[in-house]
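Residue numbers (this note's numbering): 1 to 462. Report on the structure given below.
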């Protein structure tokens, strides 16, 4: 093996150039996750040897960057024509190699740790369509399933509703139980986590509750944003997180927003959510939407002309659920009427969906209407809700109006912020959480907010 100091130094220098190129061509997230951990180990017969963390890492590099690296290195490192990725096999989990704390207790009853295996059969990695807007989240999820509790811990996946977060969490659960059937995996949404904790407190069953959550090998929690503003539950989850993390047990979280936007969640929790990998999922592009429709037809053994699928993909852009719902409606219509799927039929389904959306929007108050009603009730001007005044007489009405705008409309945080004089989204989140907490703890104020909602709806003549 050619490990001569001069040769290795030359390879190290060239590898540094390749890193600089990749740093410029990849996102900072991708670079830190996939490229930074690599170590050049030597050169032999034109083969550059790079050490990687695990097999999945090597597979990703083979598929995504190997050719680019060779192109960069060829002119600089004479004789290097191929790259070999190596890793330590012991970095991959095996049930027999688990530390005692992770091994199932043979003497313990089967129900001591409830292993949730009720993962949806339709949510597997095989059924997940990968595109540029979800590639990083998908790769991270697969890495967790390959090597739980390692460098991808915790995994935090965020994005708007209907973009595949639930699919990825279920897929991780499926893959873990298939590859490591003796591991215990718990899937739960944060609302259930909170409700079960409250019930445990009432029934003096906190110890059993903690045993359930802190003895699993992988904890998958959906919609973690539900914890915001629930101080006791936040504290309980903080200790649950620490217990699992300290034992190298895998934690996967999903949310509708990034960790930094979860204020007023405790900062110590937010920082822990960012310890591992944070991956977002965005609305799919046209090619991915079309691929999703084709995949669904393939799985359902249904043949629909590609021009019809393209028409659906061009018109449904919001999220995957709406896209699949439109296809389901088309299939149902054709089955019930016995007519073939045509462009005309697809347009009819799309028209019906638009009418339903329009009808829903007509029942939704505008932010301007909400501001008008709130200002009238608090005896302030609408302009007071949009300025930056900090007097109590203005702050509370402004926060109430922001809360109602987020609760009663489907506007994004950015849109709501613009309607309140250019406030940033964290201000809207804080206002929503504060008023939500006030409603929960003060029945008189809760009654007042309900009265405001009624007046807003009455003012729309609905």
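Just so it is clear, CB atoms sit at the ideal spot from N, CA and C, and this is done for glycine as well. Given the structure is predicted, the values throughout are model-derived calculations rather than measurements.
**Request:** Would you list the one or two residues that DSSP bridges to residue 348?
**Result:** On the chain shown, position 348 is the one that residue 348 refers to. Answer by DSSP bridge pairing: none, since residue 348 is not bridged.
**Message:** Below 8 Å on the Cβ atoms is my contact criterion, and I expect residue 314 with residue 430 to pass it. Report the Cβ-Cβ distance as a whole number of Å.
**Reply:** The count along the chain shown starts at 1 and reaches residue 314 at position 314. The count along the chain shown starts at 1 and reaches residue 430 at position 430. That pair is no contact at about 39 Å.
**Prompt:** In whole angstroms, what separates the C-alpha of residue 100 from that of residue 326?
**Reply:** Mapped onto the chain shown, residue 100 falls at position 100. Mapped onto the chain shown, residue 326 falls at position 326. Low confidence applies here, because residue 100 scores a pLDDT of 37, under 50, leaving its location unreliable and the question unanswered by this model.
**Message:** I want to know whether the segment 150–164 touches the segment 245–262 - three or more CB-CB distances under 8 Å.
**Reply:** Yes, the segment 150–164 touches the segment 245–262.
**Asked** If you count every other CB in all the chains shown that lies within 10 Å of the CB of residue 115, and 16 or more means buried, which is it?
**Response** The residue you call residue 115 lines up with position 115 of the chain shown. Low confidence applies here, because residue 115 scores a pLDDT of 46, under 50, leaving its location unreliable and the question unanswered by this model.
**Request:** Could you tell me which uninterrupted beta strand (DSSP E) segments, each at least 3 residues in length, are contained entirely in the segment 243–268, listed from first to last along the chain?
**Result:** Taking only runs of at least 3 residues, the beta strand (DSSP E) segments lying wholly in the segment 243–268 are 250–255.
**Request:** Any chance you could list the alpha helix (DSSP H) runs of at least 4 consecutive residues sitting entirely within the segment 397–452, in chain order?
**Result:** Scanning the segment 397–452 from its first residue to its last, the whole alpha helix (DSSP H) runs of 4-plus residues come out as 413–419 and 425–441.
**Prompt:** How would you label residue 96, buried or exposed, when you count the other beta carbons within 10 angstroms and need 16 or more for buried?
**Reply:** As a position in the chain shown, residue 96 is number 96, starting the count at 1. Because residue 96 carries a pLDDT of 33, less than 50, the predicted location of this residue cannot be relied on, and no value is offered for it.
**Message:** Closest to residue 168 by C-alpha separation, out of 427, 290, 58 and 125, would be which residue?
**Reply:** Here residue 168 is taken as the residue at index 168 of the chain shown, counted from 1. Nearest C-alpha to residue 168: 125.
**Prompt:** In three-state terms, what does DSSP make of residue 85?
**Reply:** Translated into the one-based positions of the chain shown, residue 85 becomes position 85. Three-state DSSP puts residue 85 in a strand.
**Asked** Once you ignore the five residues that flank residue 41 on each side, which residues in its own chain have a CB closer than 8 Å to its CB?
**Response** Within the chain shown, numbered from 1, the residue matching residue 41 stands at position 41. Excluding the 5 residues flanking it on each side, residue 41 has same chain C-beta neighbours closer than 8 Å at 49, 50, 51 and 86, in chain order.
**Asked** How do the segment 443–455 and the segment 414–429 stand: do at least 3 beta-carbon pairs fall below 8 Å, yes or no?
**Response** Using a Cβ-Cβ distance cut-off of 8 Å, the segment 443–455 and the segment 414–429 are not in contact, since fewer than three pairs of beta carbons, one from each stretch, lie closer than that value.
**Prompt:** Between the C-alpha atoms of residue 217 and residue 19, what's the straight-line distance to the nearest angstrom?
**Reply:** As a working mapping, residue 217 is identified with position 217 in the chain shown. As a working mapping, residue 19 is identified with position 19 in the chain shown. Our two residues, residue 217 and residue 19, have alpha carbons roughly 35 Å apart in a direct line.
**Contact test: residue 328 Cβ vs the ligand SAH heavy atom, cutoff 8 Å** = The ligand SAH is absent from the structure shown, which contains no ligands of any kind.
**Prompt:** Where does residue 412 land, buried or exposed, given buried means 16+ other C-beta within 10 angstroms?
**Reply:** What you label residue 412 is simply residue 412 of the chain shown in a count that begins at 1. By the 16-neighbour rule on beta-carbons within 10 angstroms, residue 412 is exposed.
**Request:** Assign residue 307 to one of three DSSP states: helix, strand, or coil.
**Result:** Here residue 307 refers to the residue found at position 307 of the chain shown. Helix.
**Request:** Return helix, strand or coil for residue 26, following the three-state DSSP convention.
**Result:** Translated into the one-based positions of the chain shown, residue 26 becomes position 26. Residue state, collapsed to three classes: coil.
**Request:** Kindly indicate which residue of 26, 347, 406 and 383 has the alpha-carbon position closest to the one of residue 364.
**Result:** As a first step, residue 364 must be located in the chain shown, where it is residue number 364. Looking at the Cα atoms, 406 is the closest of the given residues.
**Nearest-angstrom Cα separation, counted from residue 202 out to residue 369** = As a first step, residue 369 must be located in the chain shown, where it is residue number 369. As a first step, residue 202 must be located in the chain shown, where it is residue number 202. Straight-line spacing of the CA atoms in residue 369 and residue 202 works out to 42 Å.
**Prompt:** Alpha carbon to alpha carbon, how far is residue 285 from residue 163?
**Reply:** Within the chain shown, residue 285 is the residue found at index 285, counting from 1. Within the chain shown, residue 163 is the residue found at index 163, counting from 1. Roughly 12 Å between the two C-alpha positions.
**Asked** Start and end of the beta strand (DSSP E) containing residue 220?
**Response** Sequence index remark: in the chain shown, residue 220 carries index 220 (1-based). For residue 220, the enclosing beta strand (DSSP E) has its first and last residue at 218–222.
**Request:** Would you identify the three-state DSSP class for residue 207, choosing helix, strand or coil?
**Result:** The residue you call residue 207 lines up with position 207 of the chain shown. Helix.
**Between the CA atoms of residue 459 and residue 219 - distance to the nearest angstrom** = Reading the chain shown from its first residue, position 219 is the one you call residue 219. Reading the chain shown from its first residue, position 459 is the one you call residue 459. Straight-line Cα distance between these residues: approximately 46 Å.
**Message:** Going by the DSSP bridge assignment, what does residue 49 pair with across the sheet?
**Reply:** Residue numbering aside, residue 49 sits at position 49 when the chain shown is read from its first letter. DSSP links residue 49 through a beta bridge to 42 and 84.
**Item:** Three-pair Cβ contact test at 8 Å for the segment 172–185 versus the segment 143–154
**Value:** As far as the Cβ criterion goes, the segment 172–185 touches the segment 143–154, which means the pair count is three or higher.
**Message:** With the cut-off set at 9 Å, would you say residue 193 and residue 221 are in Cβ contact?
**Reply:** Taking the chain shown and counting its residues from 1, the one referred to as residue 193 is at position 193. Taking the chain shown and counting its residues from 1, the one referred to as residue 221 is at position 221. In this structure, residue 193 lies near residue 221, with their beta-carbon atoms less than 9 Å apart.
**Asked** Using a Cβ-Cβ cut-off of 7 Å (strictly less than) and excluding sequence neighbours within five positions of residue 47, which residues of its own chain qualify?
**Response** As a position in the chain shown, residue 47 is number 47, starting the count at 1. Only 82 and 84 meet the Cβ criterion.
**Request:** Starting from residue 280, follow its DSSP beta bridges and name the residues at the other end.
**Result:** Counted from its first residue, the chain shown places residue 280 at position 280. According to DSSP, residue pairing for residue 280 in a beta bridge involves 158.
**Request:** Inspect the beta-carbon positions of residue 419 and residue 371 and report whether they are closer than 9 Å.
**Result:** Stepping through the chain shown from its first residue, residue 419 is reached at position 419. Stepping through the chain shown from its first residue, residue 371 is reached at position 371. Judged by their CB atoms, residue 419 and residue 371 are nearer to each other than the 9 Å cut-off.
**Message:** Can you give me the C-alpha to C-alpha distance between residue 207 and residue 409, rounded to a whole angstrom?
**Reply:** Along the chain shown, read from residue 1 onward, the residue named residue 207 stands at position 207. Along the chain shown, read from residue 1 onward, the residue named residue 409 stands at position 409. For residue 207 and residue 409, the distance between alpha carbons rounds to 41 Å.
**Asked** Are at least three pairs of beta-carbons, each pair with one atom in the segment 132–141 and one in the segment 297–316, less than 8 Å apart?
**Response** No, the segment 132–141 does not touch the segment 297–316.
**Request:** Output the boundary residues of the alpha helix (DSSP H) element that contains residue 302.
**Result:** What you label residue 302 is simply residue 302 of the chain shown in a count that begins at 1. Per DSSP, residue 302 belongs to no alpha helix (DSSP H) and is neither H nor E.
**Prompt:** Roughly how many whole angstroms lie between the Cα atoms of residue 92 and residue 150?
**Reply:** Taking the chain shown and counting its residues from 1, the one referred to as residue 92 is at position 92. Taking the chain shown and counting its residues from 1, the one referred to as residue 150 is at position 150. Interpretation of residue 92 is limited by its pLDDT of 42, a score under 50 that renders its predicted location unreliable; the figure taken from the coordinates is listed afterwards. Spanning the alpha carbons of residue 92 and residue 150 requires a straight line of approximately 9 Å.
**Prompt:** With distances taken between CB atoms, is the gap from residue 395 to residue 374 smaller than 9 Å?
**Reply:** Residue mapping note: residue 395 aligns to position 395 of the chain shown, counting from 1. Residue mapping note: residue 374 aligns to position 374 of the chain shown, counting from 1. No.
**Item:** Closest residue to residue 403 among 296, 433, 184 and 32 (Cα-Cα distance)
**Value:** Residue numbering aside, residue 403 sits at position 403 when the chain shown is read from its first letter. Nearest of 296, 433, 184 and 32 to residue 403, Cα basis: 433.
**Request:** Leaving out five residues on either side along the sequence, give the residues of the same chain with a beta carbon under 7 Å from the beta carbon of residue 15.
**Result:** As a position in the chain shown, residue 15 is number 15, starting the count at 1. Excluding sequence positions up to five before and after residue 15, its CB lies within less than 7 Å of the CB of 40, all in the same chain and listed in chain order.
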